[in-house]
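The sequence shown lines up with residues 1 to 319 when you count with UniProt numbering.
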Amino acid sequence: MTMTQSQDSLAPERPARQRALVMVNGNARRGREPIDAVLGRLATGGFDLELLDDDGPDALGHRLDREAGRFDCVVIGGGDGTLNMAGQHLVGRDLPLAILPLGTANDLARTLGIGPSLDQAVDVILDRNVRRIDLGEVNGHVFFNLASLGYSVSLTRSLTQDLKRRWGTFGYAMAAMKIAGQVRPFRVDFEVDGETRQTKTLQTGVGNGHFYGGGMVVSEDAQPDDGVLHVYSLEFEHWWQLAGIVPAMRLGAQGRHPSVRSFDCKELTIRTRRAHHVSADGEIVTQTPAHFRILPKAISVFAPQASEQPARFFSLRSR
Numbered sequence: 001m002t003m004t005q006s007q008d009s010l011a012p013e014r015p016a017r018q019r020a021l022v023m024v025n026g027n028a029r030r031g032r033e034p035i036d037a038v039l040g041r042l043a044t045g046g047f048d049l050e051l052l053d054d055d056g057p058d059a060l061g062h063r064l065d066r067e068a069g070r071f072d073c074v075v076i077g078g079g080d081g082t083l084n085m086a087g088q089h090l091v092g093r094d095l096p097l098a099i100l101p102l103g104t105a106n107d108l109a110r111t112l113g114i115g116p117s118l119d120q121a122v123d124v125i126l127d128r129n130v131r132r133i134d135l136g137e138v139n140g141h142v143f144f145n146l147a148s149l150g151y152s153v154s155l156t157r158s159l160t161q162d163l164k165r166r167w168g169t170f171g172y173a174m175a176a177m178k179i180a181g182q183v184r185p186f187r188v189d190f191e192v193d194g195e196t197r198q199t200k201t202l203q204t205g206v207g208n209g210h211f212y213g214g215g216m217v218v219s220e221d222a223q224p225d226d227g228v229l230h231v232y233s234l235e236f237e238h239w240w241q242l243a244g245i246v247p248a249m250r251l252g253a254q255g256r257h258p259s260v261r262s263f264d265c266k267e268l269t270i271r272t273r274r275a276h277h278v279s280a281d282g283e284i285v286t287q288t289p290a291h292f293r294i295l296p297k298a299i300s301v302f303a304p305q306a307s308e309q310p311a312r313f314f315s316l317r318s319r
């Protein structure tokens, strides 16, 4: 073997080029930022890019229905709402999702360990490490981070695009203060494994990921591939008591509070006396009665290597 041949054999092989369908939501908080340099890095790094010129909610699905076989992956530029929309069309397809975090909270990117800058996100894509993660599902609609009802839905309605664009994650706090006094407890029935518990709640969250709502934590040990849903119910009598639980919610420790019910499950039905809207990843998508289930390893994403963190289980009765 010659020296040249030896050196060639030791050189790392270039990864095969991949065909990527790219969609960027121009209405996302950072969706108007120039991304030519980002796309240039991806092209230089081995991706043949085809841009979807329509960022409407059905455009991606229509394109994949016609031509999914032409692509090796899908690159989505936007926030958690945009990714939620894309998730509806990627379930059941062998197309990994690559994320360019252009939204306000970017909670899914944070959960996966993808840095906030576009350069950091591109680094992750170019590494080509693909991780399979779970999806939550509520009444047939999948979600990455959290689905919820109660106070959070009122917050979703108050959090306008203008508020998010101008104030970023601070907009969540501004909207929360605006509607806090309107929140009242309501009755819910939790049905899990044939067992029913009735209570009153200000907000119930059903989490699949780790982060949601601009940096809130679903549960201390929640991971997007742990195979369970993490549920909490804020069972306070008065809206002003919510202020005291916020620091714990930033850490995922709300389940330790005596007025918070916390448990893990694979399937759950929530019923209410009157219909309540349910939001998923910050978008109102359905209403009660709401049937939730975990879809294990349902989608592939470009992400850094995950650290192993075993899930902890709670009884339905735990408070």
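Where a beta carbon is used, it is the ideal one built from N, C-alpha and C, also for glycine.
Cβ neighbours of residue i in the same chain (closer than 7 Å, five flanking residues each side left out)
| i | result |
| --- | --- |
| T201 | G150, P185, F186, V188, S233, L234 and E235 |
| A303 | L112, G113, I114, V124, N129 and R131 |
| R250 | G215, M216 and V217 |
| T2 | With a pLDDT of 49 at T2, under the threshold of 50, the predicted position of this residue should be treated as unreliable, and no value is reported. |
| Y212 | D107, N145, L146 and V218 |
| Q305 | N129 |
| P96 | C73, V130, S300, V301 and F302 |
Separation of residue j from residue i, as counted between CA atoms
| i | j | result |
| --- | --- | --- |
| D94 | L64 | 11 Å |
| N284 | D127 | In the sequence as displayed, the identity of residue 284 is Ile instead of Asn. Computed Cα separation, rounded: 34 Å. |
| G40 | D72 | 18 Å |
| N25 | D58 | 13 Å |
| I133 | Q198 | 32 Å |
| L60 | G69 | 14 Å |
| S300 | A98 | 9 Å |
| E282 | D80 | Checking the sequence shown, residue 282 turns out to be Gly, not Glu. Computed Cα separation, rounded: 7 Å. |
| L268 | R261 | 14 Å |
| G194 | T272 | 17 Å |
| R110 | H230 | 18 Å |
| D225 | A243 | 31 Å |
| A43 | D53 | 18 Å |
| I35 | R17 | 20 Å |
| K297 | N84 | 16 Å |
| I270 | Q241 | 23 Å |
| G78 | P258 | 38 Å |
| E191 | T104 | 34 Å |
| G46 | P15 | 7 Å |
| T204 | V142 | 17 Å |
| S117 | G140 | 33 Å |
| A290 | G252 | 23 Å |
| E67 | Q88 | 16 Å |
| A121 | T196 | 43 Å |
| L295 | R256 | 27 Å |
| D119 | A86 | 22 Å |
One or two residues paired with residue i in a DSSP bridge
| i | result |
| --- | --- |
| P258 | DSSP, once it has assigned bridges, lists no residue as partnering P258. |
| H141 | V138 |
| V74 | L21 and L97 |
| L149 | T204 |
| V130 | F302 |
| D264 | H230 |
| E195 | V192 |
Own chain partners of residue i with C-beta closer than 6 Å, once the 5 adjacent residues on each side are dropped
| i | result |
| --- | --- |
| L51 | V22 |
| E308 | Residue placement at E308 is poorly supported in this model, since its pLDDT is 37, which falls under 50; the coordinates still yield a value, given next. Excluding residues within five positions, none has a Cβ falling inside 6 Å. |
| V75 | A20, V22 and A98 |
| A275 | Q287 and T288 |
| A222 | G207, H210 and H230 |
| H277 | V153, I284 and Q287 |
Residue i: first and last residue of the uninterrupted beta strand (DSSP E) it sits in
| i | result |
| --- | --- |
| T269 | E267 to T272 |
| L229 | L229 to L234 |
| L68 | As written in the sequence, residue 68 is Ala, which differs from the Leu given in the question. Premise fails: A68 is in no beta strand (DSSP E) and is neither H nor E. |
| V38 | Counting along the chain, V38 falls outside any beta strand (DSSP E), though it belongs to the alpha helix (DSSP H) covering D36 to T44. |
| H89 | Not the beta strand (DSSP E): H89 falls in the alpha helix (DSSP H), residues D80 to L90. |
| T111 | Counting along the chain, T111 falls outside any beta strand (DSSP E), though it belongs to the alpha helix (DSSP H) covering D107 to L112. |
| P296 | A290 to F302 |
| A280 | H277 to A280 |
| L51 | F47 to L51 |
| T286 | E283 to Q287 |
| D189 | F186 to V192 |
Classification of residue i by the beta-carbon crowding that lies within 10 angstroms, buried from 16 upward
| i | result |
| --- | --- |
| H62 | exposed |
| V130 | exposed |
| S219 | buried |
| E237 | exposed |
| V91 | exposed |
| T82 | buried |
| G56 | exposed |
| G31 | At G31, the pLDDT of 47 sits below 50, so the modelled position is not reliable and the matter cannot be decided from this model. |
| A37 | exposed |
| P310 | Because the pLDDT of P310 is 35, which lies under 50, any placement of that residue in the model is unreliable, and the question is left without a value. |
| P101 | buried |
Run of the alpha helix (DSSP H) containing residue i, from where it starts to where it stops
| i | result |
| --- | --- |
| V124 | L118 to D127 |
| R250 | V246 to L251 |
Beta-carbon proximity list for residue i, same chain, < 8 Å, skipping 5 on both sides
| i | result |
| --- | --- |
| S279 | A147, S148, L149, S152, V153, T156 and V285 |
| Q254 | Y232, L234, I245, A248, V260 and S262 |
| R293 | G136, E137, L229, K266, E267 and L268 |
| D48 | R17, Q18, R19 and A20 |
Closer than 9 Å to chain C by CB, residue i
| i | result |
| --- | --- |
| D281 | Included in the structure is just one protein chain, with no chain C present. |
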